[in-house]
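Reviewing the structure listed below.
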Amino acid sequence: MALKLYGAALSPCTSRVMTCLHEKEADFELVPVDLFAGEHKQLPFLAKNPFGQIPVLEDGDLSLFESRAISVYVAEKFKETGNDLIRHQSFKEAAEVKVWMEVESQQYHPAISPIIFQFFAAPLQGKSPDQAIIDENAGKLGKVLDVYEEKLSRTKYLAGDFYSLADLFHLSFTYYFMKTPCADLINERPHVKAWWEDISSRPAFQKVASAMNFGEKMN
Amino acid sequence: MVVKVYGPVTAACPQRVLTCLLEKDVDFEIVHINLDACDHKKPDFLLRQPFGQVPAIEDADFKLFESRAIIRYYAAKYEKRGPNLLGNSLEERAVVDQWLEVEAHNFNELVYNLVLQLVILPRMGKQGDSALALSCQQKLDKVFDVYEQRLSGSAYLAGDSFTLADLSHLPGIRYLVEDAGMGHLVSQRKHVNAWWETISNRPAWKKLMKLAGY
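This is how it looks when you write it as structure tokens:
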């Protein structure tokens, strides 16, 4: 039975999971959830995720929400196929991947997400991007990226010299970020920039990026 | 050789790690980091944790940071020892992971900001932002409603056993109940209250509370 992923192709969290599915060459069906109609905040969707957020993965009897948990599940279930994203054969490499997945979750995401919100979502509510919020979070993101610049001067990818879920988790939000005036934060840091160009050119992500057209809808 | 845990025993994120080590009966040594003196922002410590946060661990020559990565590592390393904190099958582990993500993304920031405004800033002699505190409380109310619904169907967040998903909540809820005067968020919800009573009475957590001097 194929996996069903409930979400939206332009959503970064849905894209996170789809990129992982493509890397693992796992078949799935994307079941569109109409965000603009608020479908994710009502039943029946709320029965799948009581927090009213996409995506949700259904695999037979198993139903999961939280894009990072879903991605880890997919990477583990399909560990023998496609690209190795979790280093399951090395306990210590797997631990390093866990560290940098948490860094994305706890350091990177909280700084980049408000910037994406201001440029892409605020206009939908009839507001102009709030420059104070953008500046504050750009400052925080810059400090995080300084740490990344140092790490990536020593290893090719975040958890080591191998591509992993830790790098993948950064793709979808950073893709939108690079369309904003804040993209210099990445471009000005040579190792971060090289890393970004490498990971965003992977075929699995290219498949997903082509549908990430939120910005274009705004113009 | 013991695991060295760098951080104050009274801070939430080191507590998350220490509880896991206690549950798994892993010997550890707490290396105190003085947050008031900004030890965590000094060059020595930044070599351990480049974001300048506690905790970090050192286990022989293996080093890690990020508390949720550390607990996942030790729960897997000592899977067969003590309680199974991860789940038995791939599916069970995914559900544990799901609720760990809920704690990290739907719960933690609200608790952190609430405690910062109501407890930490006043302790430092500064004014907390009461509007922000109220907003966090209202959002946290909605999150606890979801927990109440979930826990009406299972004894613990990921199912019928205590796992990392429950453990990860312990330090934050303690701050809410004991320090921030927000105990009603828990006590007014029958299933959340019963769950909190159960998990906070586990011997490992009680040992930690003693170590922390509460």
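Going down the list, the protein sequences come from chains A and B. Per my numbering, the very first residue in the first sequence carries number 339; after that it's consecutive. Per my numbering, the very first residue in the second sequence carries number 9; after that it's consecutive. Quick reminder that beta carbons are idealized off the backbone N, C-alpha and C, glycines included.
Counting only the same chain and skipping the five closest in sequence on each side, list residues whose C-beta sits under 7 Å from that of residue 195 of chain B. Cβ within range, chain order: 201.
Against chain B, with Cβ distances strictly below 9 Å, would residue 402 of chain A count as a contact? Output row for residue 402 of chain A: interface = yes.
What does the alpha-carbon distance come out to for the pair residue 499 of chain A and residue 549 of chain A? 29 Å
In terms of alpha-carbon separation, which member of B:203, B:101, B:79 lies closest to residue 434 of chain A? B:79
Within the 9 Å Cβ cut-off, does residue 154 of chain B reach chain A? yes
Straight-line gap, residue 410 of chain A to residue 133 of chain B (C-alpha atoms, nearest Å): 43 Å
CA-to-CA distance, residue 492 of chain A to residue 158 of chain B, given in whole angstroms: 44 Å
Helix or strand or just coil, what does DSSP make of residue 346 of chain A? coil
Length of the line joining the Cα atoms of residue 497 of chain A and residue 440 of chain A: 11 Å
Have a look at B:144, B:64, B:212, B:141 and flag the residue whose alpha-carbon is nearest the alpha-carbon of residue 170 of chain B. B:212
Cutoff 8 Å; reference residue 555 of chain A; Cβ partners in own chain excluding five residues on either side: Because the pLDDT at residue 555 of chain A is just 48, under 50, the model does not fix this residue reliably, and the point stays unresolved.
Is there at least one Cβ from chain B nearer than 9 Å to residue 440 of chain A's Cβ? yes
Going along chain B, which residues have a C-beta under 7 Å from residue 406 of chain A? 109
Residue 370 of chain A, enclosing beta strand (DSSP E) - first and last residue: 366–370
Going by beta carbon distance, what residues of the same chain come within less than 7 Å of residue 346 of chain A, once the five residues before and after it are set aside? 352, 370, 371, 373, 392
Would you give the residue range spanned by the alpha helix (DSSP H) that residue 409 of chain A belongs to? 405–415
Beta-bridge partners of residue 164 of chain B, as assigned by DSSP: B:167
Apart from the five residues just before and just after residue 524 of chain A, which ones in its own chain have a Cβ nearer than 8 Å to its Cβ? 483, 512, 515, 516, 530, 531, 534
For the region 411–425 of chain A, list every residue whose C-beta sits within 8 Å of some C-beta in chain B, in sequence order. 411, 414, 415
Assuming residue 26 of chain B contacts residue 13 of chain B (C-beta within less than 8 Å), just tell me the rounded distance between them. Sure, about 6 Å apart at Cβ, within 8 Å.
Name the chain A residues whose beta carbon is nearer than 9 Å to that of residue 92 of chain B? Near residue 92 of chain B there are no residues of chain A at all, since even the closest Cβ is about 17 Å away, more than 9 Å.
Between the alpha carbons of residue 466 of chain A and residue 436 of chain A, how many angstroms are there, rounded? 37 Å
Touch check for the region 446–454 of chain A and the region 465–480 of chain A: three-plus C-beta pairs under 8 Å? yes
Residue 452 of chain A touches chain B at which residues, Cβ-Cβ below 8 Å? The contacting residues do not exist; residue 452 of chain A stays about 12 Å from chain B at best.
Could you tell me whether the region 421–433 of chain A touches the region 379–394 of chain A, using the rule of 3 or more Cβ pairs below 8 Å? no
So, helix, strand or coil for residue 11 of chain B, using DSSP? strand
Among the residues of its own chain, which have a CB less than 6 Å from the CB of residue 127 of chain B, if the five just before and after it don't count? These residues qualify, in order along the chain: 187, 188.
Between residue 152 of chain B and residue 193 of chain B, is the Cβ-Cβ spacing less than 9 Å? yes
Are residue 358 of chain A and residue 394 of chain A close, meaning C-beta to C-beta below 9 Å? no
Taking C-beta pairs closer than 7 Å, name the residues in chain B that residue 437 of chain A reaches, listed in chain order. 72, 73, 74, 77
Start-end ranges of the alpha helix (DSSP H) lying completely within the region 442–519 of chain A, minimum 4 residues: 447–454, 469–490, 503–506, 509–515
DSSP-derived helix/strand/coil call for residue 67 of chain B: strand
Taking buried to mean at least 16 other C-beta atoms within 10 Å of its own C-beta, is residue 131 of chain B buried or exposed? Exposed, because fewer than 16 other Cβ atoms sit within 10 Å of the Cβ of residue 131 of chain B.
Under 8 Å from any heavy atom of the ligand ADP, does the C-beta of residue 118 of chain B make it? This structure lacks the ligand ADP; in fact it carries no ligand of any kind.
Contact set for residue 41 of chain B: own chain, Cβ-Cβ below 7 Å, skip 5 residues either direction: 14, 15, 16, 47, 48, 53, 62
Rounded to the nearest angstrom, what separates residue 448 of chain A and residue 22 of chain B at their Cα positions? Rounded to the nearest angstrom, the two C-alpha atoms are 21 Å apart.
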